[in-house]
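Working notes, beginning with the structure itself.
Protein chains in written order, with the numbering used here: chain A, 1 to 250; chain B, 251 to 500.
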């Protein structure tokens, strides 16, 4: 998991991205995961004004750089990774799965405040060219489903970026962990069981199904129902009411 | 990592999704990661025809179900998980990070061919309602950046779905692993070093920098350059040519 300071040393570089929706989606995912440095390399003017509409992502887009070339975009980086769907291209680079790449990025960042990582994404249609890939130390791929006889899949740019950034912050602890409602104690469950046994008795269930009514069986039944501390008193109330109704019937 | 058979027992349920672009993006991510069962629950007619245009996702959309309610969508599921950005909502469910949830899904699936998992996604604007969440065994959240004083972030639907499915198949091995180009052998490097030493000698570098020219130093220099088996002959050729040029100068 990258710290905030380490995330500030990650440069997301979109190469030849021309669709403002895609740029907006990228900026939003960066914002969601706490990354702020975006560069868009393009031969054409980049329609950043349009992308600026993306929810929550205004600041990322407003601060985006528009370097004139990949070389300029990654000039200060010490590790440059190119994302690829691994087509038929002859590979002249090490190829890492995203999981392994994230581990290497963490290693590269830790204890070295001058290390900067560039993460290159090509256009959806053509990916990164060989010239663009020649700036990379290694290639990263998101393992996807392979379909026999079907062209290799490529991901939507915003989705691929979201998955990559998620992997970099995956170990993050939740700041507000409310892992689960508190469970009922064994004592709570046993009081429930006594009341439940009474219901089974009074309702005539025990008479009809004696083999299913012994104490241990009923306790297991209630434990499997995994009552929470919050729910136990509700169940007690329900059972008391049922018992009252059953007794009044007699 | 879920097997293909296990992935066929995962039901992605979009609740109140009305934007065909979002449905298309979801279908594409499902296709990319090898999931096929999509259900869209909506009070309004779902514009699946429009979503069908999504690249690669035709089949997922064509087979999508349109149940009339969440209850109907998850009827055959044995574990139902609701995704949430954890707003201010009082939590009455266990809350798992995506990473933990994926581990539990794997446990739940393994060795039990009748277990089916439902993965619920609410609308981008409002998330899942309390009624919709009441069908869930637990809530899942993708840990995101928290900004002081800013409303809790929520992710783009297609991106959130892609991240969730990625986590479920994250351990997948690449079928065509070409992890790295083969490295040069120590013998290759040593032949390079001999030739390089000759270049340093003939060019006059050794005379000017004797302290930087000893054998071990040069070998370390070349090893740090990490030559691949593919590159070693190229370097040999370059050095031979340089040597030839230097000698002709004399």
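Virtual Cβ for every residue (Gly too), placed ideally from N, Cα, C.
Per DSSP, cross-strand counterpart(s) of residue i
i, result
"residue 127 of chain A", "A/123"
"residue 14 of chain A", "A/40 and A/121"
"residue 138 of chain A", "A/81"
"residue 442 of chain B", "According to DSSP, residue 442 of chain B bridges with nothing at all."
"residue 96 of chain A", "A/140"
"residue 478 of chain B", "B/433"
Exposure of residue i, with buried meaning 16 or more beta-carbon neighbours within 10 Å
i, result
"residue 194 of chain A", "exposed"
"residue 22 of chain A", "buried"
"residue 426 of chain B", "Caution applies to residue 426 of chain B, whose pLDDT of 49 falls short of 50 and renders its modelled position unreliable; the model cannot decide the point."
"residue 380 of chain B", "exposed"
"residue 154 of chain A", "buried"
"residue 244 of chain A", "exposed"
"residue 347 of chain B", "buried"
"residue 310 of chain B", "buried"
"residue 166 of chain A", "buried"
"residue 372 of chain B", "buried"
"residue 112 of chain A", "exposed"
"residue 15 of chain A", "buried"
"residue 209 of chain A", "exposed"
"residue 409 of chain B", "buried"
"residue 162 of chain A", "buried"
"residue 222 of chain A", "buried"
"residue 238 of chain A", "exposed"
"residue 322 of chain B", "exposed"
"residue 284 of chain B", "buried"
"residue 299 of chain B", "exposed"
"residue 274 of chain B", "buried"
"residue 7 of chain A", "buried"
"residue 293 of chain B", "exposed"
"residue 110 of chain A", "exposed"
"residue 102 of chain A", "buried"
"residue 184 of chain A", "buried"
"residue 51 of chain A", "buried"
CB contact flag (residue i, residue j, <8 angstroms)
i, j, result
"residue 276 of chain B", "residue 288 of chain B", "yes"
"residue 376 of chain B", "residue 334 of chain B", "no"
"residue 117 of chain A", "residue 9 of chain A", "yes"
"residue 12 of chain A", "residue 128 of chain A", "no"
"residue 41 of chain A", "residue 20 of chain A", "no"
"residue 182 of chain A", "residue 228 of chain A", "yes"
"residue 386 of chain B", "residue 332 of chain B", "yes"
"residue 218 of chain B", "residue 438 of chain B", "This structure cannot settle anything about residue 218 of chain B, because the visible part of chain B is limited to 251 through 500."
"residue 441 of chain B", "residue 486 of chain B", "yes"
"residue 115 of chain A", "residue 76 of chain A", "no"
"residue 104 of chain A", "residue 2 of chain A", "no"
"residue 139 of chain A", "residue 108 of chain A", "no"
"residue 199 of chain A", "residue 242 of chain A", "yes"
"residue 320 of chain B", "residue 382 of chain B", "yes"
"residue 32 of chain A", "residue 280 of chain B", "no"
"residue 407 of chain B", "residue 315 of chain B", "no"
"residue 307 of chain B", "residue 278 of chain B", "yes"
"residue 452 of chain B", "residue 490 of chain B", "no"
Where residue i meets chain E, residues with beta-carbon distance less than 7 angstroms
i, result
"residue 145 of chain A", "Looking for chain E here will not work: the only protein chains present are A and B."
| request: Any chance you could list the alpha helix (DSSP H) runs of at least 4 consecutive residues sitting entirely within the region 24-82 of chain A, in chain order? | output: 48-51, 58-62 and 70-73
| For the 8 angstroms Cβ check, are there 3 or more pairs between the region 203-216 of chain A and the region 152-172 of chain A? | no
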